Amino acid sequence: MTSSTTTEESSSSSSTETTQISESHSEIPVPIETRRNIVGTWKQENQTLTVQSDGTWQLTGEINSSGTLTVAADFEDTQLLKLYGFNENIDGIGTYFIANFNQDSTKMGFGYLGQFNRLGNVTEVNLSTDVFQNDIQTTPVDFNTTILGTWTIKEGTEFHNTWNYNPDGTFETFSQGRGQAMTGEYRVKQLNGNWVDVTYTFDEDGQSYTSLYLIENGMMIENHFEDIKIVRNV
Numbered sequence: 014m015t016s017s018t019t020t021e022e023s024s025s026s027s028s029t030e031t032t033q034i035s036e037s038h039s040e041i042p043v044p045i046e047t048r049r050n051i052v053g054t055w056k057q058e059n060q061t062l063t064v065q066s067d068g069t070w071q072l073t074g075e076i077n078s079s080g081t082l083t084v085a086a087d088f089e090d091t092q093l094l095k096l097y098g099f100n101e102n103i104d105g106i107g108t109y110f111i112a113n114f115n116q117d118s119t120k121m122g123f124g125y126l127g128q129f130n131r132l133g134n135v136t137e138v139n140l141s142t143d144v145f146q147n148d149i150q151t152t153p154v155d156f157n158t159t160i161l162g163t164w165t166i167k168e169g170t171e172f173h174n175t176w177n178y179n180p181d182g183t184f185e186t187f188s189q190g191r192g193q194a195m196t197g198e199y200r201v202k203q204l205n206g207n208w209v210d211v212t213y214t215f216d217e218d219g220q221s222y223t224s225l226y227l228i229e230n231g232m233m234i235e236n237h238f239e240d241i242k243i244v245r246n247v
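In this note's numbering, the protein residues as written are 14 to 247.
Here's what the structure looks like:
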């Protein structure tokens, strides 16, 4: 997987199709003020989220945390945001959240944290392009069936490992058993239906292996390990 192309490929895709997909990721978009504007203060019953244009953010209320963010996907009414500092127990690899906005960015669904309402008016200030990842995903995808984002093993094993799949074909994983993070590159080969082959190559030792998954309804099911529940962090 090269960093200049999309992380997902079809076994029947032509070189022309690959070029077109690559071009869709080549330009960093600047969202207009009335769409996908997370900058400002957001409120729900027991939680307040404040985001600055430089990507710094703060949560106060039932959850108290702060840090920085980057943008991994930006299309239609959706952004995929990688928050650093939200979960301090995964060795700093960050946690992806899917943010869904209404048309004028006055309401936002923010992953499992739920619905937020904007406090005050939307301003012309938006996120700086400096916080947009280099190979940002601008082509719409269905997050129920795509690998991009954060996935965590919730049950079926003693250790609940976390995986981040970035749009540039890199990954980070936190091994709860080892207590540390590892990095590498991944490549996705689309098979029939929602089945995919994912090939991992680790930076630490250069070792590679391939796993077969079914991705649907926000879950990854590994072939022959169906009892292990791998769930998307929405």
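C-beta: ideal position from N, C-alpha, C; glycine also. The model shown is predicted, which means the values in this text are computed figures rather than measured ones.
Which of the three DSSP states, helix, strand or coil, is assigned to residue i?
i	result
residue 238	coil
residue 104	coil
residue 210	strand
residue 192	coil
residue 127	coil
residue 148	strand
residue 143	helix
residue 132	strand
residue 84	strand
residue 185	strand
residue 66	coil
residue 118	coil
Between the alpha carbons of residue i and residue j, how many angstroms are there, rounded?
i	j	result
residue 248	residue 119	In the structure as shown, the chain begins at 14 and stops at 247. Residue 248 is therefore absent and cannot be evaluated.
residue 116	residue 48	6 Å
residue 126	residue 105	20 Å
residue 121	residue 112	7 Å
residue 188	residue 101	14 Å
residue 211	residue 91	25 Å
residue 79	residue 73	9 Å
residue 228	residue 201	12 Å
residue 208	residue 135	41 Å
residue 3	residue 172	Any question about residue 3 goes unanswered here, given that the chain covers just 14 to 247.
residue 150	residue 86	4 Å
residue 186	residue 179	11 Å
residue 89	residue 183	24 Å
residue 247	residue 124	4 Å
residue 251	residue 204	Lying before the first or after the last residue shown, residue 251 is absent from the chain, which here runs from 14 to 247.
residue 158	residue 65	31 Å
residue 153	residue 114	15 Å
residue 167	residue 94	21 Å
residue 219	residue 165	23 Å
residue 147	residue 237	35 Å
residue 130	residue 224	41 Å
residue 75	residue 230	28 Å
residue 103	residue 81	15 Å
Just to check my reading of the structure: residue i and residue j have Cβ atoms closer than 8 Å, yes? What is that Cβ distance to the nearest angstrom?
i	j	result
residue 110	residue 96	6 Å
residue 197	residue 214	5 Å
residue 254	residue 63	Here the chain covers residues 14 to 247 and nothing more, so residue 254 does not appear.
residue 68	residue 54	Contact flag wrong, Cβ pair sits at about 15 Å.
residue 140	residue 51	7 Å
So, is residue i buried or exposed, given that buried needs 16 or more other C-beta atoms within 10 angstroms?
i	result
residue 193	exposed
residue 137	exposed
residue 77	exposed
residue 206	exposed
residue 226	buried
residue 240	exposed
residue 222	exposed
residue 155	exposed
Which residues in the same chain have their Cβ closer than 8 Å to the Cβ of residue i, if we skip the five residues on either side of it in sequence?
i	result
residue 232	242, 243, 244 and 245
residue 143	67 and 68
Report all residues from its chain with a CB closer than 6 Å to the CB of residue i; omit the five preceding and five following residues, and keep chain order.
i	result
residue 99	78 and 108
residue 128	122
residue 216	196 and 197
residue 163	108, 109, 177 and 246
residue 234	227
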